[in-house]
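Numbering-wise (the working numbering), the sequence shown opens with residue 1 and increments by one. All C-beta atoms in this analysis are idealised placements derived from N, C-alpha and C, irrespective of residue type, glycine included. These figures come from a predicted structure and were not determined experimentally. What follows is a single structure, written as structure tokens, with notes after it.
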Amino acid sequence: MLDVRYQSLTIKPSLSATRELMKYNKDLTDVVYVLENGYDCSASKRAKNIVERCLKKGDKEMKAVVVRVQLKYPDGYSEEVWRLIHFGIIGIRR
Numbered sequence: 001m002l003d004v005r006y007q008s009l010t011i012k013p014s015l016s017a018t019r020e021l022m023k024y025n026k027d028l029t030d031v032v033y034v035l036e037n038g039y040d041c042s043a044s045k046r047a048k049n050i051v052e053r054c055l056k057k058g059d060k061e062m063k064a065v066v067v068r069v070q071l072k073y074p075d076g077y078s079e080e081v082w083r084l085i086h087f088g089i090i091g092i093r094r
């Protein structure tokens, strides 16, 4: 399994975020690139544990939204991770 990390925590995508990544033919390394090199682009105030970052590339803007959560597994194991809840690419008018 690919272990992609941001701020020393693993990124685990939600089902809908996985579908969004597949739609744009991107993977978790692209998400980390946006999170590390992007700028804060939240349109409204977010909770402390939510990070929303954007990155402009040409006439497109990529957006990644992650939330810091405690994941619990059926065997009782739990770990703190970044849960990718949204990834999108939009066109920018000039």
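Which partner residues of residue i appear in the DSSP bridge assignment?
i: Leu71; result: Glu79
i: Met62; result: Leu55, Ile89
i: Leu84; result: Pro13, Val66
i: Asp40; result: Arg53
Hey, could you find the ends of the beta strand (DSSP E) residue i is sitting in?
i: Arg53; result: 50-57
What are the boundary residues of the alpha helix (DSSP H) that includes residue i?
i: Lys12; result: It is not in any alpha helix (DSSP H) - Lys12 instead sits in the beta strand (DSSP E) that spans 9-13.
i: Ile37; result: As written in the sequence, residue 37 is Asn, which differs from the Ile given in the question. That run of the alpha helix (DSSP H) goes 28-37.
Are the beta-carbon atoms of residue i and residue j separated by less than 9 Å?
i: Ile11; j: Val32; result: yes
i: Tyr6; j: Glu36; result: yes
i: Arg93; j: Arg83; result: no
i: Tyr24; j: Gly91; result: no
i: Val4; j: Leu28; result: yes
Please name the residue, chosen from the options, that lies closest to residue i on a Cα-to-Cα basis.
i: Glu61; options: Tyr39, Ser16, Glu79, Leu9; result: Tyr39
i: Glu64; options: Ser8, Ser78, Gly76, Ser42; result: Just to set this straight, residue 64 is Ala in the shown sequence, not Glu. Taking only the C-alpha atoms, the option nearest Ala64 is Ser42.
i: His86; options: Ser16, Tyr77, Leu71; result: Ser16
i: Thr18; options: Glu79, Ser78, Val66; result: Val66
i: Lys56; options: Asp30, Lys45, Lys72; result: Asp30
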